[in-house]
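For reference, the structure discussed in these notes is given below.
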Amino acid sequence: MKEELYMYDVIIVGAGPGGIFTAYELAEKKPELKIAVFEMGHELKKRKCPIDGDKVKSCIHCKSCSIMSGFGGAGAFSDGKYNITNDFGGTLHEYIGKKTAIELMQYVDKINLRFGGEGTRLYSTAGTSIKKKCLQNDLHLLDASVRHLGTDINYIVLEHLYDYLKDRVDFYFDKAVKDVEKTENGFVIHCADEMYESRKCVISAGRSGSKWMESVCRSLDIGTKSNRVDIGVRVELPAEVFSHLTDELYESKIVYRTKEYGDLVRTFCMNPKGVVVNENTNGIVTVNGHSYEDPERQTGNTNFALLVAKHFSEPFKDSNGYGESIARLSNMLGGGVIVQRFGDLIRGRRSTKSRIEESFTVPTLNASPGDLSLVLP
Ligand SMILES: Cc1cc2nc3c(=O)[nH]c(=O)nc-3n(C[C@H](O)[C@H](O)[C@H](O)COP(=O)(O)OP(=O)(O)OC[C@H]3O[C@@H](n4cnc5c(N)ncnc54)[C@H](O)[C@@H]3O)c2cc1C
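Residue numbers are given in my numbering: position 35 of the sequence shown equals residue 1104, and the series is strictly consecutive.
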């Protein structure tokens, strides 16, 4: 096929929050620039996970996972929790300072409110008595303000952002970038049968593109460093059990240092009255959580992740690969995601279909009953 050459001032790879806000800032501050966004997933309204719990009960490994890819990126159907804090969720403050980092988060919050999030609640740990209660129990509550948009409002904000951007930016959906080449004038990006030229290139490929990004860095001779990987499980329990936390704080990041090995275990991504969902990253199926503002779509369960961070240095530093191989093992044993009753886990026995059915907590995700102790190191 004949290769054509196009010219942009800036090409952005990935239409997740990173790519969207890069496009937004450029469109606002430099409207004269010609900008394009390339996204391997679908546009927002075409993003639909085929799992309906009826005909399609579990992941069928679509070519591009609608949960992870497309306009809005990995968080498009997320709970829309925006944590305004330097205490967790990234290390931006190490590069730009704590004050500027908080100011930027507040700036993003204002944009979200302007594009449909007005009226949503901002929770805060400031002055809460839960902090003292945690300390009395050897637990540490991290400080944050949390804007909770909810999966439904988060979607509306994305719709409005797309409406605003589509006349200012060229979007290319279902278009995976295969290669990025440095040239005299800037960059040439290669898709399956076309290539596009730009003066600058911003790559914001997220988790689903992290392996590809490693190969781009190798080919452009850009140094990389190994990040931590979080290993853990998603816990689901009756919403009443955690309502004293979720009603006041919505999301609480609580840290515990284990007595035996000194591991720091933390809660992450709470979804009050939410659902557990599958997500497919490069063919490996794991779980995440969603929850809705709309009471009609809420469930009787709250879910959250319990995680331990693992850092690697030498000789092994492929933290991504480590996490992936644990998830792959779980997929191998369960044919997908494994669900286990807490009681079975601590008794050292696998869960079976009948044991899950006997449980008072009904899982919101259809997963294979099994034994997580065979998976977790
Ligand atoms: C179910 C779920 C719930 C979450 N809940 C929350 C939450 O409530 N609050 C919160 O703060 N965070 C949440 N997160 C995390 C949040 O979504 C991520 O931190 C955020 O999406 C990262 O943004 P990003 O732009 O860096 O990457 P991503 O959102 O991953 O976007 C990257 C995009 O790049 C595309 N891409 C990758 N490679 C290529 C390529 N070669 N060519 C073209 N396109 C490519 C991908 O398809 C993807 O759309 C959640 C994540 C999930 C999956």
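Note that beta-carbon positions come from the ideal geometry of N, C-alpha and C, so glycine has one too.
Nothing here was measured: the structure is a model prediction, and the numbers come from that model.
DSSP places residue 1271 inside the beta strand (DSSP E), whose first and last residues are 1264-1272. Residue 1391 is bridged by DSSP to nothing; it lacks a bridge partner. Between ligand 1 and the CB of residue 1240, the shortest heavy atom gap is not smaller than 7 Å. Take the alpha-carbon of residue 1417 and the one of residue 1405: they are about 21 Å apart. Take the alpha-carbon of residue 1387 and the one of residue 1295: they are about 7 Å apart. In the structure shown, residue 1411 adopts helical secondary structure according to DSSP, grouped into three states. Distances between the C-beta of residue 1136 and the heavy atoms of ligand 1 include at least one below 7 Å. Contact annotation: the stretch 1209-1222 touches the stretch 1147-1161, with at least three C-beta pairs closer than 8 Å. A distance criterion of 7 Å places the beta-carbon of residue 1152 in contact range of ligand 1, judged by its closest non-hydrogen atom.
If only uninterrupted beta strand (DSSP E) runs of at least 3 residues are considered, those enclosed by the stretch 1163-1235 are 1190-1193 and 1214-1217. Taking C-beta atoms under 8 Å as the contact rule, residue 1305 and residue 1353 fail to qualify, at a distance of about 21 Å.
Under the three-state reduction of DSSP, residue 1399 is assigned to helix. DSSP lists 1107 as the bridge partner or partners of residue 1241. DSSP places residue 1359 within a strand segment (E or B) once states are collapsed to three. Secondary structure note for residue 1378: it is in no alpha helix (DSSP H), and the uninterrupted beta strand (DSSP E) holding it is 1370-1379. With contacts defined by Cβ atoms closer than 8 Å, residue 1138 and residue 1435 do not form a contacting pair. The residue among 1083, 1307, 1403 and 1446 with its C-alpha nearest the C-alpha of residue 1429 is 1307. At a cut-off of 4 residues, the continuous stretches assigned as alpha helix (DSSP H) that sit fully inside the stretch 1253-1335 are 1279-1288 and 1312-1318.
Burial state of residue 1309 is exposed, judged by a 10 Å Cβ sphere holding fewer than 16 other Cβ atoms. DSSP places residue 1423 within a helical segment (H, G or I) once states are collapsed to three.
Within the stretch 1103-1160, the runs of beta strand (DSSP E) at least 3 residues long that lie entirely inside it are, in chain order, 1104-1107 and 1150-1153. With contacts defined by Cβ atoms closer than 8 Å, residue 1348 and residue 1356 form a contacting pair. Residue side-chain check: residue 1148 places its Cβ nearer than 7 Å to a non-hydrogen atom of ligand 1.
With contacts defined as CB atoms closer than 8 Å, residue 1192 and residue 1113 fail to qualify as a contacting pair. Check the Cα spacing between residue 1187 and each of 1223, 1205 and 1197: the tightest is with 1223. The C-alpha of residue 1116 is placed about 43 Å away from the C-alpha of residue 1206.
Residue burial is scored here from C-beta neighbours: residue 1409 has at least 16 other C-beta atoms within 10 angstroms and is therefore classed as buried. By the criterion of at least three beta-carbon pairs nearer than 8 Å, the stretch 1281-1294 is not in contact with the stretch 1316-1328. Counted as a single uninterrupted DSSP element, the alpha helix (DSSP H) harbouring residue 1098 occupies residues 1086-1098. Excluding residues up to 5 positions away in sequence, 1135 and 1136 lie with their Cβ nearer than 7 Å to the Cβ of residue 1118 in the same chain. Here the distance from the Cβ of residue 1321 to the nearest heavy atom of ligand 1 is not below 7 Å.
Between residue 1157 and residue 1084, the C-beta spacing is not below 8 Å. In this structure, residue 1376 and residue 1440 do not form a Cβ contact; the two beta carbons are roughly 20 Å apart against a cut-off of 8 Å. The Cβ-Cβ distance between residue 1263 and residue 1255 does not fall below 8 Å.
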